[in-house]
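Colleague: Numbering (our numbering), first residue to last: 1 to 130.
Every residue gets a Cβ at the ideal spot worked out from N, C-alpha and C, and that includes glycine.
All of these numbers come straight from a predicted model, not from anything done at the bench.
Below are the structure tokens for one structure; questions will follow.
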Amino acid sequence: MTAAKERKQLPWNFSIGDETQGIFRILTEGITTRIFSGENVMLSVVKLEPNSAGTVHRHPEEQWGVLLEGECVRIQGDEELTMKAGDFWYTPSGVSHGIRTAEIGATVLDIFSPPREEYKKQGEGFSSST
Numbered sequence: 001m002t003a004a005k006e007r008k009q010l011p012w013n014f015s016i017g018d019e020t021q022g023i024f025r026i027l028t029e030g031i032t033t034r035i036f037s038g039e040n041v042m043l044s045v046v047k048l049e050p051n052s053a054g055t056v057h058r059h060p061e062e063q064w065g066v067l068l069e070g071e072c073v074r075i076q077g078d079e080e081l082t083m084k085a086g087d088f089w090y091t092p093s094g095v096s097h098g099i100r101t102a103e104i105g106a107t108v109l110d111i112f113s114p115p116r117e118e119y120k121k122q123g124e125g126f127s128s129s130t
């Protein structure tokens, strides 16, 4: 049997709106995510309620984020920038970052490479590195 056949095969189609899909994770109060992981890339559909804030943290994985809906303030290093739907960002490995919302919540699609090991199972929290 080839290595490809030994790996667990993922479905090839998903829906951001289908909340039964993915691995559910509570990041902090008011912020949840659903995780979809392949071998080399991981997607995270993050829902932020109004007036929520994520812990500023860092991790060794590279991260891209796309603001799908709503508004947020993206914190990266010493900078803060207001983002609107359609904006996206890149966070290099090891850079401190976070996010917060005001009166409007947000939906973000985060992309990690390589996948974050701690996100491959249900759990809580952003990261062990703050």
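Give the single residue among Gly-94, Gln-122 and Ile-104 whose Cα lies nearest to the Cα of Ser-113.
Modeller: Residue Gly-94 is the option with its Cα nearest to Ser-113.
Colleague: Can you look up Thr-130 in the DSSP assignment and give me helix, strand or coil?
Modeller: Note that Thr-130 scores a pLDDT of 48, beneath 50, so its modelled location is shaky and nothing firm can be said.
Colleague: Please work out which residues of its chain come closer than 6 Å, Cβ to Cβ, to Glu-69, disregarding the five sequence neighbours upstream and downstream, and give them in chain order.
Modeller: Ala-85 and Thr-107
Colleague: Out of curiosity, what's the CA-to-CA distance linking Gly-38 and Ser-44?
Modeller: 12 Å
Colleague: Among the candidates Gly-30, Met-42 and Ile-99, whose CA atom is the shortest distance from the CA of His-57?
Modeller: Residue nearest to His-57 within the set Gly-30, Met-42 and Ile-99 is Ile-99 (criterion: CA-CA distance).
Colleague: Quick one: residues in its chain with C-beta nearer than 8 Å to the C-beta of Glu-29, no 5 flanking neighbours on either side, listed in chain order?
Modeller: For Glu-29, same chain residues with a beta-carbon under 8 Å away, outside a window of 5 residues either side, are Ser-52 in chain order.
Colleague: How many angstroms separate the CA atom of Ile-16 from the CA atom of Arg-34?
Modeller: 9 Å
Colleague: Would you kindly work out how many angstroms separate the C-alpha atoms of Gly-54 and Leu-67, rounded to a whole number?
Modeller: Spanning the alpha carbons of Gly-54 and Leu-67 requires a straight line of approximately 15 Å.
Colleague: For Leu-109, which of Met-42, Gly-123 and Pro-92 has the nearest alpha-carbon?
Modeller: Met-42
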